[in-house]
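Numbering-wise, numbering that gives the first Met the number 0 puts 305 at position 306 of the sequence shown, and it's gapless, one number per residue. All C-beta atoms in this analysis are idealised placements derived from N, C-alpha and C, irrespective of residue type, glycine included. Please read these numbers as outputs of a predicted model, since none were measured by experiment. Comments concern the structure below.
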Amino acid sequence: MYRFYLLYCLFLCLGNILFAQTTGFEKGVPQSFCTVQPNELSSSEEFYKEGKRSLAWQFSPRSVLTVKLDTPLHLDSVSKEKRGITLWIYNEQVRKDSLRFEFFSPTGHISYRFGFRLNAQGWRACWIGFAHMKGDKQENTIAGYRIVAPDNNGRVFFDRLVFPVKEMNQRTTPDMQMPYNNSLTFRDLWHWCRVWQWEQLEYDLPLPATLTPTEKQELQTIEERLTKVLTADKVSQGKIDKAYATFQKAQIQRSGNGFTGAPLVVPDDKLNRKKGEISLNDLETMLSGFAYDAYYNQSKDAEHKYFLVWDYAMNQGFAFGSGMGTNHHYGYQIRKIYTTAWLMRDKIRQAPTCDNILSTLSFWAALQETRKACGKNRDELLDTWHTLLMPKIVSAMMTKDERERVRALKGLSRWVSTSLRYTPGTIGGIKVDGTTFHHGGFYPAYTTGALAMLGQFINLTNKTSYQLTLSARKVLKSALIAMRNYCNKYEWGVGISGRHPFGGSMKDDDIDAFAYLALSGDFSDKGEPFDHQLAADYLRLCKRNTPEAAYFKQQGILPATAPQGFFVYNYGSAGIFRRNNWMVTLKGYNTDVWGAEIYTKDNRYGRYQSYGSVQIMGAPSRKASGYNENGWDWNRLPGTTTIHLPFELLNSPLPGTTMARSKEKFAGASSLKNQNGMFAMKLMERDLKNFTGDFVARKSVFCFDNRLICLGTDIKNSNSDYPTETTLFQHVFRPGKDFIRITGEKKQQIGLQQELPASDTQPVCLEDGCGNLYFVKDGKVKVQITEQESRHEKLRTPTTGTFASAWIAHGTAPKDGSYEYMVWIQPSGKELKTHVPAATYKVIQRDRKMHAVNDVLTGTMAYAVFEDTKPAADNVFSFLPAETMVMYQKENNALVMSVCTPDLNIAEKTFTTKEPSRIIIKELELKGKWHVSAHDKRVKTTYRTGTTQLSVECQHGQPVEFTLVQ
0 MYRFYLLYCL
10 FLCLGNILFA
20 QTTGFEKGVP
30 QSFCTVQPNE
40 LSSSEEFYKE
50 GKRSLAWQFS
60 PRSVLTVKLD
70 TPLHLDSVSK
80 EKRGITLWIY
90 NEQVRKDSLR
100 FEFFSPTGHI
110 SYRFGFRLNA
120 QGWRACWIGF
130 AHMKGDKQEN
140 TIAGYRIVAP
150 DNNGRVFFDR
160 LVFPVKEMNQ
170 RTTPDMQMPY
180 NNSLTFRDLW
190 HWCRVWQWEQ
200 LEYDLPLPAT
210 LTPTEKQELQ
220 TIEERLTKVL
230 TADKVSQGKI
240 DKAYATFQKA
250 QIQRSGNGFT
260 GAPLVVPDDK
270 LNRKKGEISL
280 NDLETMLSGF
290 AYDAYYNQSK
300 DAEHKYFLVW
310 DYAMNQGFAF
320 GSGMGTNHHY
330 GYQIRKIYTT
340 AWLMRDKIRQ
350 APTCDNILST
360 LSFWAALQET
370 RKACGKNRDE
380 LLDTWHTLLM
390 PKIVSAMMTK
400 DERERVRALK
410 GLSRWVSTSL
420 RYTPGTIGGI
430 KVDGTTFHHG
440 GFYPAYTTGA
450 LAMLGQFINL
460 TNKTSYQLTL
470 SARKVLKSAL
480 IAMRNYCNKY
490 EWGVGISGRH
500 PFGGSMKDDD
510 IDAFAYLALS
520 GDFSDKGEPF
530 DHQLAADYLR
540 LCKRNTPEAA
550 YFKQQGILPA
560 TAPQGFFVYN
570 YGSAGIFRRN
580 NWMVTLKGYN
590 TDVWGAEIYT
600 KDNRYGRYQS
610 YGSVQIMGAP
620 SRKASGYNEN
630 GWDWNRLPGT
640 TTIHLPFELL
650 NSPLPGTTMA
660 RSKEKFAGAS
670 SLKNQNGMFA
680 MKLMERDLKN
690 FTGDFVARKS
700 VFCFDNRLIC
710 LGTDIKNSNS
720 DYPTETTLFQ
730 HVFRPGKDFI
740 RITGEKKQQI
750 GLQQELPASD
760 TQPVCLEDGC
770 GNLYFVKDGK
780 VKVQITEQES
790 RHEKLRTPTT
800 GTFASAWIAH
810 GTAPKDGSYE
820 YMVWIQPSGK
830 ELKTHVPAAT
840 YKVIQRDRKM
850 HAVNDVLTGT
860 MAYAVFEDTK
870 PAADNVFSFL
880 PAETMVMYQK
890 ENNALVMSVC
900 TPDLNIAEKT
910 FTTKEPSRII
920 IKELELKGKW
930 HVSAHDKRVK
940 TTYRTGTTQL
950 SVECQHGQPV
960 EFTLVQ
């Protein structure tokens, strides 16, 4: 009995470790494959999806192909949710029947089954996990499976078979053959995989019986505009040559009713280029290159190859109703297929396969989603705007029936308008503060391109009945203005860079969106023919001589100056402070905002991006401001308080994606009069491998004119191996050209290492190489000029560079570390003569409960309140609630005040959520009797003996500004 028990346990173990077995057909029919009727199975060279051969099954009615496993597969509660089967099936003849897959137990019981519809000709993917199969699922030991043929004769081919798959792709895509193979695709997050789901939608817009003259004229107008846009750029011969080279390598040839040649698969299908396999990118290369050659050079050979490749692509699975196993992120791989299909539109309409090509274009553009208005909780909109909006336009305009074309454009215009609303929670789209969201966070790198395509849609439909609604265009303007604010001039700071720490910028097509939106109408309610603010911003940003620029100048518009003021973006726990032509990016993270996006091959050392960074961009680019990846010490982003780790420990401990959020809610920015502002943060590191779970700090930055007062308290952790520090600056140092100053003395020598204690009575004065002064009043300051070795954020290979750096050293395992310093950004000679730095501000309180500063020059009081506080010596407040930022200025007998909490107060804490930001009521107590000067439903005052209770409704992390009078 005991021996039997051991054998049974061994059987279960073997069943659990059996996974990812690939079955090949290059050497013939595997012995485990058998049919009742002889000679039904053969290894065939006629079609293949891997290697050069596939398994052909010449079936008769109700034939059964049985595959027995050498070792039975046992499914437990975990593996039955992950495992499954993937293969490709070539169907020679379209029919209404299905193949039925049945998985049987050792006793012959069928617990799992599914059907594969034979409703398309060519190769189609068959991917499904046990979790999504049908059946009673009572017996979880799989001895084998069988495939049951339909009630007629036929032939199919199998290839690229993997069973059992250890872990099914979560983005497995339902399609016409297998519409139920992944329940996750009905989540708003998996938008790529919902194309077949959307195909079931029907238009709720009527099909016009006939077109009016106006409708016909508008179609012609849009066609002319689209042609102008898509033929504006010169096409390089290199793109054409690459198409021919790719085609030659792919060896595409007709075979029977299909093709042989390079198998077309998606990257997640274990794309193997060494074996000659190609991807959608290669398909795009061939179709676009041949289209260019046919259109611009009238090449008949290119025209022939263009349609040959189209036939091949549809036969390989890039076709209507096909999911290709998984189609996620396909939009980034096929955009030029659409822009060049427009060039070939007349030829396509004459082609015998016209209907198939047009249905494929429409399906993969997901035009079917626009049969209804955009759902309120539609996620990841930036991907769709960026990659599929132009394909949708092209597909709509290529519809053969003009009546259908009009309806498609109406549906598309409505969909885009309804997608341009402020989205709730952390799902993708545009937020009420103008930030644009992707991957559950504020993400400028995905904003560029997305806003450009929206601008292009406005350009194409301007002054037609397909123009976006006024409310939609106002939402888009808020996003463009925000992008203008957080870019200097075209680039943004490292803190908001996502997984691209030294990359990303506004491009020409993003800038064009300013002009196109401006020309669509005036948003200032002044009745102007176009929006003057957007036009002025366009002239500031545009470096080209464009018709739009010429028109604006003719109308008397002057280029705008760089944005000035303080801008609050608490959907990203960020503040942007600007004067003259410089910009400061302040960045934190909290329970609703992730700190950094780290991928397997991206931003591996970016953990500290949001640890209270204070990055000064004093010039219109990162490099000109001293930021360069080569040699960059990833531990020392300016402003951050970090534990200085060796790179092997700073490297993300997770092999895949890391997007850590804090357990603290309080991190973000506030402002007063949109001119000056502040940032505050309860820093808390997550408890992950190579992290220090008890690392905390309380940080604040107060921003007035061109001065930053930076305070830190309660800095503590248990890491006794590596030092904790707060970085003042780190920038590229050019030997022989650059210098820094330490207490007025110029320093240029490479290898400089200096340590200086700072105190209130003996502050340390530094000047970086970018014209900024640092006055440290608390902390041990270390300064160096040295050649640094770092690591490439993607490759992890060594990089080197020479940098000047300064930081405040808190030592190892600090118990109650603190700092105080002021940054004077590019002060003028007059300012240096007029003001003594220490006299420009006064720290009122700096402890665990609160950081409070009185700025002497602007007459502003600012409070970063970490815990409930009763500031007895304060002239205005007798009580301030925890996790609140307050600013005010006195104006005669009035107080101009702002109250803010950066806490978005979103109930669900997950990757993305549609749960909205909820109101938080902050209750403050003021000394004396005060009331609000103008009605604001968010602000209420109640007088009680000697004090005034001030109640402020906060939401979306936005400052609430009002005036109190006595």
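Item, Value
"What residue range does the alpha helix (DSSP H) around Ile251 cover?", "Counting along the chain, Ile251 falls outside any alpha helix (DSSP H), and DSSP gives it neither H nor E."
"Measuring CB to CB, does Gly979 end up less than 8 angstroms from Glu788?", "With the chain running from 0 to 965 in the structure shown, residue 979 is simply not present."
"Taking 7 angstroms as the limit between beta carbons, can you name the residues of its chain near Ala301, skipping five residues before and five after?", "Phe289, Asp292, Ala293"
"Is it right to say Tyr942 is buried, meaning 16 or more other beta carbons lie within 10 angstroms of its own, or is it exposed?", "exposed"
"Does the Cβ-Cβ distance between Met396 and Leu210 come in under 8 angstroms?", "no"
"Go ahead and label Leu949 buried or exposed: buried means 16 or more other beta carbons lie within 10 angstroms of its beta carbon, across all protein chains shown.", "buried"
"Report, in whole angstroms, the separation of the C-beta atoms of Asp382 and Ile426, which I expect to be a contact under 8 angstroms.", "Rounded, the Cβ-Cβ distance is 12 angstroms, inconsistent with contact."
"Which residues mark the beginning and the end of the alpha helix (DSSP H) in which Val194 is found?", "194-198"
"With three or more C-beta pairs closer than 8 angstroms as the rule, is the segment 771-785 touching the segment 727-746?", "yes"
"With distance defined between alpha-carbon atoms, name the residue in Ala871, Pro836, Leu710 nearest to His850.", "Leu710"
"Can you tell me whether DSSP reads Leu557 as helix, strand or coil?", "coil"
"If you reduce the DSSP assignment to three classes, tell me which class Lys841 lands in.", "strand"
"If Leu74 sits next to Phe32, beta carbons under 8 angstroms apart, how far is it from one beta carbon to the other, in whole angstroms?", "That pair is no contact at about 22 angstroms."
"Under DSSP, the alpha helix (DSSP H) around Arg603 begins and ends at which residues?", "Run containing Arg603: none; DSSP gives neither H nor E here."
"Indicate the three-state DSSP secondary structure (helix, strand or coil) for Tyr569 in the structure shown.", "Per the sequence shown, the amino acid found at residue 569 is Asn instead of Tyr. Helix."
"Which first and last residues belong to the alpha helix (DSSP H) in which Thr641 is found?", "Note, Thr641: premise wrong, no alpha helix (DSSP H); beta strand (DSSP E) at 640-642."
"I'd like to confirm the pairing. Which residues does DSSP put opposite Lys926 in its beta bridges?", "Thr946"
"Pull up the CB-CB distance for Arg82 and Phe129, whole angstroms please, since I reckon it's below 8 angstroms.", "6 angstroms"
"By how many angstroms is the C-alpha of Lys586 removed from the C-alpha of Ile615?", "12 angstroms"
"Can you give me the Cβ contacts of Gln965 inside the same chain, cut-off strictly under 7 angstroms, excluding the 5 residues immediately before and after it?", "Asn892, Gly927, Lys928, Trp929"
"Since Thr460 sits in a beta bridge, which residues does DSSP pair it with?", "In DSSP, Thr460 forms no bridge with anything."
"From the DSSP output, read off the bridge partner residues of Trp806.", "Thr726, Lys781"
"Given a cut-off of 8 angstroms on the beta-carbon distance, is the pair Leu707 and Val835 in contact?", "no"
"What is the DSSP secondary structure of Met132, reduced to helix, strand or coil?", "coil"
"Distance, Cα to Cα, Leu894 vs Phe876?", "12 angstroms"
"Helix, strand or coil for Met285, going by three-state DSSP, please let me know.", "helix"
"Nearest by alpha-carbon distance to Glu960: which of Lys908, Thr909, Pro915, Met884 is it?", "Met884"
"Please state whether the Cβ-Cβ distance between Ser699 and Met683 is less than 8 angstroms.", "no"
"Counting beta carbon pairs with one atom in the segment 191-204 and one in the segment 320-328, are three or more of them shorter than 8 angstroms?", "yes"
"Does the Cβ of Lys133 have 16 or more other Cβ atoms within 10 Å, making it buried, or fewer, making it exposed?", "exposed"
"Specify, as a first and last residue, the run of the alpha helix (DSSP H) that Asp511 falls within.", "507-518"
"Please determine, among Phe113, Glu166, Gln137, the residue with the shortest C-alpha to C-alpha distance to Val77.", "Glu166"
"Would you list the one or two residues that DSSP bridges to Phe258?", "Arg253"
"Can you name, in chain order, every residue of its own chain whose Cβ lies under 8 angstroms from the Cβ of Tyr337, other than the five neighbours on each side?", "Leu360, Ala364, Met389, Pro390, Val393, Ser394"
"In chain order, which alpha helix (DSSP H) runs of at least 4 residues are fully inside the segment 812-880?", "828-833"
"Near Gln888, which residues of its chain fall below 6 angstroms by C-beta distance, leaving aside the five closest residues on each side in sequence?", "Gly858, Thr859, Val895"
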